[in-house]
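Sequential numbering of the sequence shown, starting at 180, is according to our numbering. Note that CB positions come from ideal geometry on N, CA and C, so glycine has one too.
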Amino acid sequence: MPSIRFVLLLPILLVHLLQSLPAQAEEVRVIRDPWGVPHVFASSNHGVGYGYGWAIGEDRLEEALSAMWTANGRRTEIEGAGAVDIDRTFRLMRIAEF
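Shown next, in the form of structure tokens:
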């Protein structure tokens with residue numbers, strides 16, 4: 180059985196180790212053409228995902244947040260009691276876990 184000291188010191192050690200990891204910064208460019216269509220350029224898929232999320236946030240933040248609330252089964256908090264059935268359905272399907 181692990182001693183109480185080990186159990187208490189392990190999280191502190193893990194936090195210290197994680198703080199010493201270097202940040203993974205990279206350049207992400209979002210360029211819009213004359214029609215306003217965003218084109219995302221980055222050196223990794225993670226960077227492209229970040230840039231795409233940024234562009235969605237600029238263009239359609241309300242729609243993205245609405246989809247997030249719906250997927251998490253929390254639409255009732257925004258729309259009131261009329262959305263209880265939607266929330267129940269999405270919580271039963273566990274959409275947010277995917």
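Practice problem: Can you tell me which of the three DSSP states Arg208 falls into? | Solution: strand
Quiz item: Mind checking Arg254: buried by the 16 CB within 10 Å criterion, or exposed?
Solution: buried
Quiz item: With respect to the alpha helix (DSSP H) encompassing Phe220, which residues constitute its N-terminal and C-terminal limits?
Solution: Segment Pro217 to Phe220 is the beta strand (DSSP E) holding Phe220; no alpha helix (DSSP H) there.
Quiz item: Expressed to the nearest angstrom, what Euclidean distance is found between the alpha-carbon atoms of Trp214 and Ala262?
Solution: The alpha-carbon atoms of Trp214 and Ala262 are separated by roughly 36 Å.
Quiz prompt | Same chain only: Cβ atoms within 6 Å of Val219, ignoring 5 sequence neighbours per side | solution = Val209, Val227, Gly230 and Tyr231
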